[in-house]
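To keep things clear, I will list the structure first and then write my remarks on it.
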């Protein structure tokens, strides 16, 4: 993606002396400046990301402390910051009222604070990146963690990672708004804060970097990746200082799977991929049902919390973050029947609560439900193929990652996340197979994902495929015209106007380079020449007033296109670096579009029976 700020920065000009010495006003030739991968500004941005990451970890620690405080107050009636699960409460049927109270508080905060705290954070951050130049309101930095702490602390079936990802991103955005940054730099700061937030909770720096690429950055550039990578590493280092280097979801050591077991894990990934489609549809179906309620959305979180309370009364383990549930499922310390019931009730509680628009997240619930599905499918596969040597624990891990891969289509994030949270390297092959097929099934059965459906409904198109920019791979000299129609500086305006009026093929062009003894001194359009206010006896050199906007023959088409957009011109004289004022050709907007059309033709040349226009028709692309 190229923002206007990026284009202006990429098109910054460098001055080259005019050797003809004709016009005192023409002191430089305006050409694209070659931009280094890193410069002083990039270093400062990287340092900002590192400081931002450190601050985000402290906020994450504060959020976890708030969740613990609200949990203790809500379920145990004591003022304490000690981390504890609400599952051990003794409230009986009164437990149903606790999430409802929390929902009322969140609804009030959303209505009278900021409605942006509603939802699970990542889709909202994606929308700001795509539409609002990565600008998030400063209030979100405070309201999102507090509202999430209230929702989770009163039993909401969410993890702390979603809110802190949103909070870290908001903090990065606010920092970018306070400092003189471009939209692209704010995007990097926002993403660095989000990556630091994820790392601060799960201790997964590599997965956080991959999540940034797959869901927030929409690009893969060294100028973006390195600051975010260093932010993730910094966040993990600060987290270790607080919590130590412990595995988030510890599970017993697993053994190398056999070929037949690997095939079963891939089949489990496919089944979980199907489930991811219907789970996503169910969440948005609930959201649609809430939209039809004849009451203000402020009350919806409290209504959704009724289901949370009832589910929590029936199965107390469904209350709160439930990271211990994931550990127990992956370790298979619960029976398959208990795991299945837990995951079904957790899904009902989470889907209704999230659909109500409360402040929550998706990662931990999807991990819990996915691990449960993997356990269930693994138990069925083990009973059907006992000789395959399937390990229920690996099946649960594959299910956990595959559900996230299918629901979000963040394939690499899902695989690496499962590995980093368990530190089981033997699981990598089953994870890659299971997550890949889950991604495939999801892509076939569902247009959008749990992250993009909400913003897609608002008419926003989210990039899903990232590839090298074709215009960055082709040089100007490969497509420019090497025999441009030029005018001599010594020609009179009257002479040239007569030539244009005759309407010859050479005079039909819209712009003409002006040469003096073979050296470029400017570019004039037909309008410049015909509508000039100088005497008809004046020479071409007399009506050249603007510094020529040019491009080198070894520049890329991307640099040429950006230079055209930045200076609002439709053609660029082509120069050579060895003789900066010597014209060697000209390139137009039409030339760039022709090169792009040639790429499309080559891409689809295997189907010669179908015209290019038909291939790219709107109906075909739906």
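Numbering (the numbering used here), first residue to last: 1 to 622. Backbone N, C-alpha and C define an ideal beta-carbon position, used for all residues, glycine too. Since the model is a prediction, treat every value here as computed from it, not as a measurement.
Helix, strand or coil at residue i according to DSSP, with G and I counted as helix
i	result
residue 452	coil
residue 512	strand
residue 522	strand
residue 580	strand
residue 539	strand
residue 32	strand
residue 348	helix
residue 74	helix
residue 161	helix
residue 50	helix
residue 204	coil
residue 4	The pLDDT assigned to residue 4 is 40, lower than 50, so where the model puts this residue is not dependable; a value taken from the coordinates is nonetheless given after this. In this structure, residue 4 counts as helix in the three-state DSSP scheme.
residue 623	Outside the shown range of the chain (1 to 622) lies residue 623, about which nothing can therefore be said.
residue 261	helix
residue 179	coil
residue 461	coil
residue 573	strand
Same chain only: Cβ atoms within 8 Å of residue i, ignoring 5 sequence neighbours per side
i	result
residue 251	327, 330, 331, 393, 397, 422, 424
residue 23	Since pLDDT at residue 23 reaches only 40, below the 50 mark, its modelled position is unreliable, and the value read off the structure follows with that caveat. Excluding residues within five positions, the ones whose Cβ falls inside 8 Å are 521, 522, 541, 544.
residue 449	280, 407, 408, 409, 442
residue 126	215, 216, 451, 452, 455, 462
residue 76	84, 89
residue 298	107, 108, 110, 111
Nearest-angstrom Cβ-Cβ length linking residue i and residue j, presumed shorter than 8 Å
i	j	result
residue 345	residue 311	5 Å
residue 370	residue 300	Rounded, the Cβ-Cβ distance is 26 Å, inconsistent with contact.
residue 359	residue 118	6 Å
residue 515	residue 488	6 Å
residue 63	residue 163	7 Å
residue 169	residue 136	7 Å
residue 525	residue 511	5 Å
residue 271	residue 377	5 Å
Same chain only: Cβ atoms within 6 Å of residue i, ignoring 5 sequence neighbours per side
i	result
residue 207	413, 416, 417, 420
residue 446	277
residue 187	129, 134
residue 98	74, 154, 155
residue 624	Outside the modelled stretch of the chain, which goes from 1 to 622, sits residue 624, for which no answer is possible.
Buried versus exposed call for residue i [16 or more other C-beta atoms within 10 Å across all chains shown]
i	result
residue 244	exposed
residue 472	exposed
residue 317	buried
residue 256	exposed
residue 238	buried
residue 289	exposed
residue 184	buried
residue 222	exposed
residue 144	buried
residue 325	buried
residue 454	buried
residue 571	buried
residue 112	exposed
residue 253	exposed
residue 88	exposed
residue 26	For residue 26, the predicted model reports a pLDDT of 40, less than 50, meaning its position is unreliable and no value from the coordinates is stated.
Closest Cα partner of residue i within the set the options
i	options	result
residue 160	61, 109, 509, 33	61
residue 236	260, 278, 258, 193	193
residue 556	483, 474, 518, 496	474
residue 587	92, 579, 549, 566	549
residue 528	41, 502, 497	497
residue 142	303, 157, 110	110
residue 495	47, 538, 570	538
residue 246	203, 510, 380	203
residue 140	152, 115, 157, 80	115
residue 105	584, 305, 123	305
residue 33	91, 458, 558	558
residue 464	338, 72, 215	215
residue 483	438, 427, 125, 509	509
residue 347	308, 92, 335	308
residue 248	211, 210, 322	322
residue 583	373, 485, 589, 592	485
Proximal residues to residue i (C-beta, below 7 Å), its chain only, five neighbours per side dropped
i	result
residue 52	171, 172, 175, 189, 192, 193, 196, 231
residue 199	205, 208, 232, 235, 236, 239
residue 430	257, 262, 265, 394, 398
residue 50	230, 231, 234
residue 46	226, 227, 230
residue 151	102, 106, 158, 358, 359, 360
residue 71	84, 86, 153, 320
residue 435	269, 401, 402, 405, 411, 414, 415
heavy atom of the ligand FAD below 7 Å from residue i C-beta
i	result
residue 527	Looking for the ligand FAD in the displayed structure turns up nothing, as the structure carries no ligands at all.
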